[in-house]
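Counting with numbering that gives the first Met the number 0, you get residues 0 to 329 for the letters of the sequence shown.
Even glycine gets a Cβ: it sits at the ideal position worked out from N, Cα and C.
Reviewing the structure listed below.
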Amino acid sequence: MEELALDKENVHFSHIKYPDLGGMSVPPRLDFTLASAFGALCGVPYMGKNQRRDHTDGFLNNLNCLGELLKLNGYITSATFGTGCYDFGYGHIFDLHHFQRILSNIEIKNSSQWIEDKYTYEFCKKELEYLSDTHQPFMAFMCTLDTHEPGHICSLCPNTQSYPATKSIECSDRQLKSFLEWAQTQEWYNNTVFLIYGDHTSRDKNFKQMAKEHNYVKKSYNVILNSERKAKRTHERLFTVFDLLPTVLNAAGVQIRGNQIGMVISLFSKLPKLFERYGEKFEESFNQISFWYDTVVNHKSIKCEENTPCISLDDYSLGTTYANLTAEYH
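In structure tokens:
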């Protein structure tokens, strides 16, 4: 993956000085897979909670996200991932935002278990062949799992590393390289933009310790292949997964008035991103947004009463103050 980011034919955005590799900032409300994927596809925070059971809260059903925008313009939209469709509510990112094809562990391997990436890649190849045969423009989203801590080791992984997390990363790199080599043999490759990004940084304790020892703040990987636009400034950028929405549209040749969609700005633009302008205040504002969403939009009461849906102030940062803590919404 380092080779892809260093290749001058590709576009890699970094938070540090040229030519060092870096990446995206990961604020607290973006540090789990569902929230990151939702942020990338919709450009706004996911308003729900990180919970394993199926749920439909917080997906902003009436918001036009990438799925809606592409469908309105004649694209077929597809999502492939190796988990249960609604584990953590993940599949609702796609079904509530009008993806036409949603393919999970059942479709990939007829299994209720999480699927190894090697099977997901092979299934995704078949899906891409199907999409290409429709002769319509398409957008395919695929999520890998093996590098999630503690790191999954499959039969393709080499014996060059002993630590599971490091070994799974090396293995994942090889699988991605093999997939891209296959893609390069397909007739649709040169007319297709690839966005490869990490949904959040690793929680592995040894990686955290290494970063601490080197005084390095971990960031999330990103690279764009076959972009129609060249970036004038790729380094010393502060941005989050939200900014990927207008960025990938620009990379595909879409012209965006003002280079901005809602609150997010394309990285191909010189305009400062919200994170560049506001820093920590931008991160802290997520808790205020979530509080407003729960109380005003969902009409949840701050005070918990019998059989009444309510919110818990424990879910919000102690350093955030609100003017309406005594308010009740019915």
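Limits of the unbroken alpha helix (DSSP H) element including residue i
i	result
arginine 236	Segment: none, arginine 236 is in no alpha helix (DSSP H) and carries neither H nor E.
serine 167	163-182
arginine 52	Element bounds for arginine 52: n/a, residue is neither H nor E.
asparagine 221	No alpha helix (DSSP H) contains asparagine 221, which is instead part of the beta strand (DSSP E) from 221-224.
threonine 76	First-last for threonine 76: 75-80, but that is the beta strand (DSSP E), not the alpha helix (DSSP H).
isoleucine 92	91-94
leucine 266	Segment: none, leucine 266 is in no alpha helix (DSSP H) and carries neither H nor E.
methionine 262	First-last for methionine 262: undefined, no H or E at that position.
serine 35	32-41
threonine 246	243-250
phenylalanine 274	273-277
lysine 211	204-212
For residue j and residue i, believed in contact at Cβ under 8 Å, the rounded distance
i	j	result
serine 219	glycine 22	5 Å
lysine 272	isoleucine 264	5 Å
valine 89	leucine 144	According to the sequence displayed, residue 89 carries tyrosine and not valine. Contact doesn't hold; Cβ gap of about 11 Å is too wide.
asparagine 72	leucine 95	Their Cβ separation, rounded to whole angstroms, is 19 Å, which puts asparagine 72 and leucine 95 out of contact at 8 Å.
7 Å Cβ cutoff met for residue i and residue j
i	j	result
methionine 0	aspartate 132	no
threonine 239	phenylalanine 206	no
tyrosine 120	lysine 108	no
cysteine 123	methionine 141	yes
threonine 76	phenylalanine 98	yes
phenylalanine 37	isoleucine 92	yes
tyrosine 268	alanine 250	The residue asked about is misnamed: residue 268 is serine in this sequence, not tyrosine. Contact flag unset, no.
isoleucine 195	valine 10	no
glutamate 126	aspartate 203	no
leucine 40	leucine 20	no
phenylalanine 12	leucine 266	yes
histidine 199	serine 35	yes
phenylalanine 87	arginine 51	yes
Rounded separation between residue i and residue j - CA only
i	j	result
glutamine 254	glutamate 212	43 Å
phenylalanine 31	glutamine 135	33 Å
proline 44	phenylalanine 281	12 Å
serine 103	cysteine 84	5 Å
threonine 146	isoleucine 152	9 Å
leucine 69	glycine 47	25 Å
tyrosine 129	glutamine 185	12 Å
arginine 256	asparagine 158	50 Å
proline 163	isoleucine 114	17 Å
alanine 210	isoleucine 105	38 Å
lysine 166	aspartate 116	14 Å
histidine 14	glutamate 283	20 Å
glutamate 67	valine 25	25 Å
lysine 242	glycine 42	A small correction: the amino acid at residue 242 is aspartate; lysine does not occupy that position in the sequence shown. Each residue's Cα considered, the two are about 7 Å apart.
lysine 7	serine 110	41 Å
phenylalanine 178	leucine 3	13 Å
Which of helix, strand or coil DSSP assigns to residue i
i	result
histidine 329	Since pLDDT at histidine 329 reaches only 28, below the 50 mark, its modelled position is unreliable, and the value read off the structure follows with that caveat. In the structure shown, histidine 329 sits in coil (DSSP, three-state: anything other than H, G, I, E or B).
alanine 4	helix
leucine 20	coil
methionine 46	coil
cysteine 123	helix
glutamine 185	coil
tyrosine 196	strand
valine 10	strand
leucine 62	coil
arginine 333	Past the boundaries of the shown model lies residue 333; the chain is included only from 0 to 329, so the question cannot be answered.
serine 300	strand
arginine 228	coil
tyrosine 129	helix
glycine 88	helix
isoleucine 15	coil
Residue-chain proximity (residue i, chain B), Cβ-Cβ < 7 Å
i	result
glycine 88	Absent from the structure is chain B; it holds one protein chain and no more.
Extent of the continuous beta strand (DSSP E) run through residue i
i	result
alanine 139	137-142
Proximity test, residue i beta-carbon vs the ligand SAH heavy atom, cut-off 6 Å
i	result
leucine 270	With respect to the ligand SAH, the structure offers nothing, as it holds no ligand at all.
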